[in-house]
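Peer 1: My questions all concern the structure below.
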Amino acid sequence: MSANIFFTLSLLLATAISGCSTTANDELAEAKKAIAESNAIYFQSFAKGDSSIFIDRYAPDACIMAPGTPALCGKDAPLTFFRIAYRQIGLRNGKFITTRVYGGGNGYVTEEGIWQSFDANNVMFDDGKFLVLWKKTAIGWKMYRDSFSSNHPAH
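The structure is reproduced here in structure tokens:
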């Protein structure tokens, strides 16, 4: 192989690799922005008693994997979970603190963080950690797998 052809192939390969890296970095930045925006309004659904805000955070094929219960999966899972959290648990507000978002380049990213839950009197009644697998859908980044656990023993 001549030096010219080798140089040209090397340059093409380097450009392709660099382009993939840029695409992955762009996707990660886009996902981080969408996650921050989603998390900023997530708990408004409980403060307002509006399940539509909550449901819109999730992909239609999402699974919510709460501790001590089987996973809730499918298009009805977010509404089912919202009703339980709102009516039975008394969730009225909360807070997410994202500590890391990683992945990118394949339509999925993982968010890691901690959460706090508040009742109607704005008293924190639970806190814990979470992992959320986000999926890029035709309508934006949505929660695909939502798994969390409390920092406290089960009652």
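Those letters in the sequence shown? Residues -24 to -1, 1 to 131, by mature numbering (1 follows the signal peptide of the UniProt record, and there is no 0).
Glycine is no exception: its CB is placed at the ideal position from the N, C-alpha and C atoms.
Predicted model, so just to flag it, every value in this text is computed and none were measured.
With distances taken Cα to Cα, identify the nearest neighbour of F101 among E6, V85, Q92.
Peer 2: Taking only the C-alpha atoms, the option nearest F101 is Q92.
Peer 1: Starting from the N-terminal side, write out each stretch of the alpha helix (DSSP H) that is 4 residues or longer and does not extend beyond the stretch 23 to 51.
Peer 2: Runs found: 27 to 31.
Peer 1: Using 8 Å as the Cβ pair cut-off and three pairs as the minimum, do the stretch 75 to 94 and the stretch 47 to 60 touch?
Peer 2: These segments do not touch.
Peer 1: Less than 8 Å between the C-beta atoms of F106 and F94, yes or no?
Peer 2: Cβ atoms of F106 and F94: not closer than 8 Å.
Peer 1: Measuring straight from C-alpha to C-alpha, what distance separates V85 and D103?
Peer 2: Cα to Cα, the separation comes out at about 23 Å.
Peer 1: Please report the distance separating the alpha-carbon of I90 from that of G66.
Peer 2: In a straight line, the C-alpha of I90 is about 19 Å away from that of G66.
Peer 1: Does DSSP classify D2 as helix, strand or coil?
Peer 2: D2 falls in the helix class under three-state DSSP.
Peer 1: Name the two residues that bound the continuous beta strand (DSSP E) containing L107.
Peer 2: That run of the beta strand (DSSP E) goes 100 to 113.
Peer 1: Going by Cα to Cα distance, which pick from K9, E13, S27, I31 is closest to Y120?
Peer 2: Taking only the C-alpha atoms, the option nearest Y120 is I31.
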